[in-house]
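Residues in the sequence shown are numbered consecutively from 5, following my numbering.
No residue lacks a Cβ here, since even glycine has one placed at the ideal position from N, Cα and C.
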Amino acid sequence: MFWKKNKTKKTKKTKKTKKTVSGTKNFGKRFLELFNTGKTIGNDFFDYLEDLLVEADFGASVAVELVGELKETCRKDPSVTDKKELTESFKLLIKKHLKKAELKPEPGKLTVFLVLGVNGVGKTTTIAKLAVKYKKEGINGIVFAAGDTFRAAAVDQLSVHAQRVGARIVKQESGSDPAAVIFDAIISAKSRKESLVLADTAGRMHNKTNLVKELSKINRIINEKLDSGDAYKKILVIDATTGQNGLRQAEIFNEAVGVDAVIMTKYDSTAKGGLVAAVSIKLGLPFAFLGKGEGMDDLVPFDPDEYLNDLFSGPD
Numbered sequence: 005m006f007w008k009k010n011k012t013k014k015t016k017k018t019k020k021t022k023k024t025v026s027g028t029k030n031f032g033k034r035f036l037e038l039f040n041t042g043k044t045i046g047n048d049f050f051d052y053l054e055d056l057l058v059e060a061d062f063g064a065s066v067a068v069e070l071v072g073e074l075k076e077t078c079r080k081d082p083s084v085t086d087k088k089e090l091t092e093s094f095k096l097l098i099k100k101h102l103k104k105a106e107l108k109p110e111p112g113k114l115t116v117f118l119v120l121g122v123n124g125v126g127k128t129t130t131i132a133k134l135a136v137k138y139k140k141e142g143i144n145g146i147v148f149a150a151g152d153t154f155r156a157a158a159v160d161q162l163s164v165h166a167q168r169v170g171a172r173i174v175k176q177e178s179g180s181d182p183a184a185v186i187f188d189a190i191i192s193a194k195s196r197k198e199s200l201v202l203a204d205t206a207g208r209m210h211n212k213t214n215l216v217k218e219l220s221k222i223n224r225i226i227n228e229k230l231d232s233g234d235a236y237k238k239i240l241v242i243d244a245t246t247g248q249n250g251l252r253q254a255e256i257f258n259e260a261v262g263v264d265a266v267i268m269t270k271y272d273s274t275a276k277g278g279l280v281a282a283v284s285i286k287l288g289l290p291f292a293f294l295g296k297g298e299g300m301d302d303l304v305p306f307d308p309d310e311y312l313n314d315l316f317s318g319p320d
């Protein structure tokens, strides 16, 4: 069968070009190549598209859902058959699921950002990047709360970042109660009339019960200590390279305390790109920033149109 051979050829081609073609462009290139086979838009086309979406980290259920919506669009409007029209229709189908979160400290109020995520996704570095961003925007009085007391290295790393970016840090000894650390940070920030508390947390996914219990306690303490006029957001950090594991992480943290916004790190090095859409479609969570480099200025505000243009772009 033509399509079976075609699929095998493209898999080999992907392996050869993986080092030189970015993840999102690799998907876009392969998507565009579907239109160069001379085949009409039909079941083979849609089956192959499903495979591409799964390989691009959309996940099986999301891939089936999106392709089903695209099939229905084509059924209702038979004119959607050429490359440009079908591509734009597919982008619009995905875009309707994407949400953008605005993460900005509210002037004249104390804002608390509780930063969530498993170990290794870049929480402490993301906290430092947020501090740099907000300081450039004129936000003064930024406090780091070293709530990941499970790992001494996390406290040390956050301390180094605090010194580099000029933020005050509240910390205790390793093994201390994380909720107590964050409690102290909020109370001291209020007394000093500071603007923003960026609170780090532990992410021990191997023990879900303890993780949920700990985060629930922290969440309760924050809600109890903030005044009605204060602002509080729970921010999840996920690593773009973790694929569908990132979706599972988002499910667990969202179930534990609720997530207000997502920041995706290492987006520049991802070999896929569909995890953003998967998290948005499955959980309805909005994205605030994408991390596209190692520098302190690499947090790029999430823009659905730019994301989709990047995802569907072909080879340079």
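A straight line joining the alpha-carbon of F316 with that of L90 spans about 12 Å.
Taken atom to atom, the span from the alpha-carbon of G233 to that of A149 is near 21 Å. Secondary structure of G142 (DSSP, three-state): coil.
Between S178 and the set G170, V169, L162, the nearest pair of CA atoms involves L162. Just so you know, the alpha carbons of K108 and L294 end up roughly 15 Å apart. Note on S220: under 16 other CB atoms within 10 angstroms of its CB, so exposed under the neighbour-count rule.
Note on geometry: alpha-carbon atoms of N227 and V116 lie some 10 Å from one another. Per DSSP, reduced to three states, the secondary structure at P308 is helical. By DSSP's assignment, M268 forms a beta bridge with I242, L294. Ranked by Cα distance from F62, the first of N313, N223, D302, T246 is T246.
Each residue's CA atom was taken as its position, placing V84 and K75 some 10 Å apart.
Remark: C-beta atoms of L57 and E73 do not approach each other more closely than 9 Å.
Annotation for R79: the continuous alpha helix (DSSP H) segment containing it runs 64–80.
Three or more beta-carbon pairs drawn from the stretch 247–265 and the stretch 280–296 are found closer than 8 Å, and the two stretches are therefore classed as touching. Using a 10 angstroms sphere on the CB of G46, the tally of other CB atoms stays under 16, which defines it as exposed. Closest by C-alpha distance to E298, out of F94, T269, A260, is T269. Per the DSSP secondary-structure output, K104 pairs in a beta bridge with F291.
Under the three-state reduction of DSSP output, T130 falls in the helix class. Taken through DSSP and simplified to helix, strand or coil, I222 comes out as helix. Annotation: L36 to P305 spans about 27 Å, alpha carbon to alpha carbon. Under the DSSP assignment, I173 falls in the beta strand (DSSP E) whose first and last residues are 172–174. The three-state reading of DSSP puts A235 in strand, counting E and B together. Around the C-beta of T205, 16 or more other C-beta atoms lie within 10 Å, and the residue is accordingly described as buried.
Take the alpha-carbon of V185 and the one of E255: they are about 26 Å apart.
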